[in-house]
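J.: Read left to right, the sequence shown gives residues 1 to 284 (UniProt numbering).
Idealized CB from N, CA, C, for every residue including glycine.
As the structure is a prediction and not an experimental result, all values here were calculated from the model.
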Amino acid sequence: MSTPEIPIIKVLFTLHAGMDALDFIGPLEVLSRAQHDVNDPKSKAFDCKFVAAEEFTVSNQGAAFRAHFNYKDAYATLSQYDILIVPGGGSDQVLKNKAEPLGLIRAFSDLQKKHPEKERTLLSICTGSLFLAQQGILHGLSATTHPDYFAKFENINSEAAQRDLAERCDVVEERYVVNNLRFDIDSPEESQYVRRKSDARRPSNARKGSNAWKESNNRRESNARRAALRLGGLRVITTGAITCGLDASLYLVSVMVNEETAGEIAKFMEYEWKKGIVVDGIDI
1 MSTPEIPIIK VLFTLHAGMD ALDFIGPLEV LSRAQHDVND PKSKAFDCKF VAAEEFTVSN
61 QGAAFRAHFN YKDAYATLSQ YDILIVPGGG SDQVLKNKAE PLGLIRAFSD LQKKHPEKER
121 TLLSICTGSL FLAQQGILHG LSATTHPDYF AKFENINSEA AQRDLAERCD VVEERYVVNN
181 LRFDIDSPEE SQYVRRKSDA RRPSNARKGS NAWKESNNRR ESNARRAALR LGGLRVITTG
241 AITCGLDASL YLVSVMVNEE TAGEIAKFME YEWKKGIVVD GIDI
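(1) Skipping 5 residues on each side, what residues in its chain have a beta carbon closer than 6 angstroms to that of Arg106?
(2) Considering only C-alpha positions, which residue in the set Gly233, Gly90 and Ala74 is nearest to Leu141?
(3) Which of the three DSSP states is assigned to Leu132 in this structure?
(4) Whose C-beta lies closer than 6 angstroms to the C-beta of Ser91 among residues of the same chain, with five residues either side of it excluded?
(5) Go ahead and label Val11 buried or exposed: buried means 16 or more other beta carbons lie within 10 angstroms of its beta carbon, across all protein chains shown.
(6) Is the Cβ-Cβ distance between Thr77 and Tyr176 less than 7 angstroms?
(7) Leaving out the 5 sequence neighbours to the left and right, which residues in its chain are closer than 6 angstroms to Leu229 when beta-carbon positions are compared?
(8) Return helix, strand or coil for Lys118, following the three-state DSSP convention.
(9) What are the boundary residues of the beta strand (DSSP E) that Thr57 is part of?
(10) Given this structure, state the Cα-to-Cα distance separating Glu272 from Thr261, to the nearest angstrom.
(11) Please state whether the Cβ-Cβ distance between Val172 and Glu154 is less than 7 angstroms.
(12) Counting beta carbon pairs with one atom in the region 240 to 249 and one in the region 25 to 43, are three or more of them shorter than 8 angstroms?
(13) DSSP puts Ile83 in a beta bridge; with which residues?
(14) So, are the CB atoms of Ala34 and Val257 less than 7 angstroms apart?
(15) Just the C-alpha distance for Lys208 and Asn97, rounded to the nearest angstrom, thanks.
(16) Determine the extent of the alpha helix (DSSP H) in which Cys244 is found, giving its start and end residues.
(17) Closest to Asp148 by CA distance: which of Phe46, Ile6, Asp82 and Ile242 is it?
(18) Beta carbon of Asn60, beta carbon of Asp20: below 7 angstroms?
(19) So for Tyr176, helix, strand or coil by DSSP?
(20) Using only the alpha-carbon positions, how far apart do Val253 and Ile83 sit?
(21) In the structure shown, what three-state DSSP assignment does Lys113 receive?
(22) For Ser43, does the three-state DSSP call read helix, strand or coil?
(23) For my contact list, Gly89 and Gly18 are in at a C-beta cut-off of 8 angstroms; report their separation, rounded to the angstrom.
(24) Roughly how many angstroms separate the alpha carbons of Phe268 and Ala151, rounded to a whole number?
(25) On a CA-only basis, which of Pro101, Val86 and Cys169 is nearest Lys72? Give me that one, please.
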């Protein structure tokens, strides 16, 4: 259940054969523990659903996960979701066969460009960023992936940029990279949450959280600013290797709920939250 004031944030995880289990389970663990009010167990912040080509998806580790619905149903209900999370692992077969979740990633991105009045987030874990690169989502953005896949990531981004006659992706080595962040002040020049590409890198931080997320979908100026950004203001987050998905998910909790909640979750998990970086964006 949600609080009367703040709706539950709807999350859709994509599952594919050979994915890394922790890429999926890690973010799920973090988000499922988030509450809008840390003292109210009924104030659940996120509602997570899973989509896959088959009823059961087997990970690289041999664990089988049951999806809530198939891709046909996912396309039909995609506009309902605020966040799309794409685990990595098993990327070679997905890219070779041009299989899902490639199409759904594109559809989610297109949805934001057509309807920027809603705040949406696309989060890829580990080599899931290769899928975003293949679909041209990362043109002109900064992004990261598993260090062992940097060369392949660079190649896919380069080929996609040539194919689409677009600006190349700036590949960096970080725990996670956030594009099109959101902040709660009027002037982007004063925001502590913005890092221009020419500036020194800035660790990511949180801001007011739940109320700002709710208001960002209702304020006319928020919609106008989002529409002017790349991808209609779609917040794009990519992560490094497997455990970086925990860090990025904690960041997501901190900006969409509040930093106190993110800290409590990290404490409960006995996990040291390692911060990533944020880049240009005016997503309020």
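T.: Let me spell this out:
(1) Numbered from 1 along the sequence shown, position 106 holds the residue referred to as residue 106. Gln135.
(2) The count along the sequence shown starts at 1 and reaches residue 141 at position 141. Measuring from the Cα of Leu141, the nearest candidate turns out to be Gly233.
(3) As a first step, residue 132 is located in the sequence shown; it is residue number 132 there, counting from the start. Leu132: helix per DSSP, three-state reduction.
(4) Residue numbering aside, residue 91 sits at position 91 when the sequence shown is read from its first letter. Same-chain partners within the cutoff: Thr127 and Leu130.
(5) By one-based count along the sequence shown, residue 11 stands at place 11. Of the other Cβ atoms in all chains shown, 16 or more fall within 10 Å of the Cβ of Val11; this residue is therefore buried.
(6) In the sequence shown, counting from the first residue as 1, residue 77 sits at position 77. In the sequence shown, counting from the first residue as 1, residue 176 sits at position 176. Inclusion of Thr77 and Tyr176 in the CB contact set at 7 angstroms is not warranted, their separation being larger than that value.
(7) Locating residue 229 in the sequence shown gives position 229, where the first residue counts as 1. Same-chain partners within the cutoff: Asn180.
(8) Mapped onto the sequence shown, residue 118 falls at position 118. Looking at Lys118 - three-state DSSP - the assignment turns out to be coil, as it is neither helix nor strand.
(9) Reading the sequence shown from its first residue, position 57 is the one you call residue 57. For Thr57, the enclosing beta strand (DSSP E) covers residues Phe56 to Val58.
(10) For the purposes of this step, residue 272 is identified with residue 272 of the sequence shown, where counting begins at 1. For the purposes of this step, residue 261 is identified with residue 261 of the sequence shown, where counting begins at 1. So the two alpha carbons sit approximately 14 angstroms from each other.
(11) As a first step, residue 172 is located in the sequence shown; it is residue number 172 there, counting from the start. As a first step, residue 154 is located in the sequence shown; it is residue number 154 there, counting from the start. No. Outside cutoff.
(12) Flag = yes, the region 25 to 43 and the region 240 to 249 touch.
(13) Position 83 of the sequence shown, counted from the first residue, corresponds to residue 83. Val11 and Thr121.
(14) As a working note, residue 34 is residue 34 in the sequence shown. As a working note, residue 257 is residue 257 in the sequence shown. Result yes, Cβ atoms of Ala34 and Val257 sit closer than 7 angstroms.
(15) What you label residue 208 is simply residue 208 of the sequence shown in a count that begins at 1. What you label residue 97 is simply residue 97 of the sequence shown in a count that begins at 1. In this prediction, Lys208 has a pLDDT of 49, which is less than 50 and means its spatial position is unreliable; what the coordinates show is noted afterwards. Lys208 and Asn97 have their C-alpha atoms spaced approximately 42 angstroms apart.
(16) Indexing the sequence shown from 1 puts residue 244 at position 244. Segment Cys244 to Met256, the alpha helix (DSSP H) holding Cys244.
(17) Numbered from 1 along the sequence shown, position 148 holds the residue referred to as residue 148. Closest by alpha carbon: Ile242.
(18) Numbered from 1 along the sequence shown, position 60 holds the residue referred to as residue 60. Numbered from 1 along the sequence shown, position 20 holds the residue referred to as residue 20. With respect to Asp20, Asn60 sits close: the two C-beta atoms are nearer than 7 angstroms.
(19) To locate residue 176, count along the sequence shown from 1; it is residue 176. If DSSP states are grouped into helix, strand and coil, Tyr176 belongs with the strands.
(20) Position 253 of the sequence shown, counted from the first residue, corresponds to residue 253. Position 83 of the sequence shown, counted from the first residue, corresponds to residue 83. Cα to Cα, Val253 sits roughly 12 angstroms from Ile83.
(21) Stepping through the sequence shown from its first residue, residue 113 is reached at position 113. Three-state DSSP puts Lys113 in a helix.
(22) On the sequence shown, position 43 is the one that residue 43 refers to. It is coil, neither helix nor strand.
(23) Position 89 of the sequence shown, counting from 1, holds the residue named residue 89. Position 18 of the sequence shown, counting from 1, holds the residue named residue 18. With 8 angstroms as the limit, Gly89 and Gly18 qualify as a contact, their Cβ atoms being about 6 angstroms apart.
(24) Counting from one through the sequence shown, the residue named residue 268 turns up at place 268. Counting from one through the sequence shown, the residue named residue 151 turns up at place 151. Whole-angstrom Cα-Cα distance: 36 angstroms.
(25) As a working note, residue 72 is residue 72 in the sequence shown. Per the Cα distances, Pro101.
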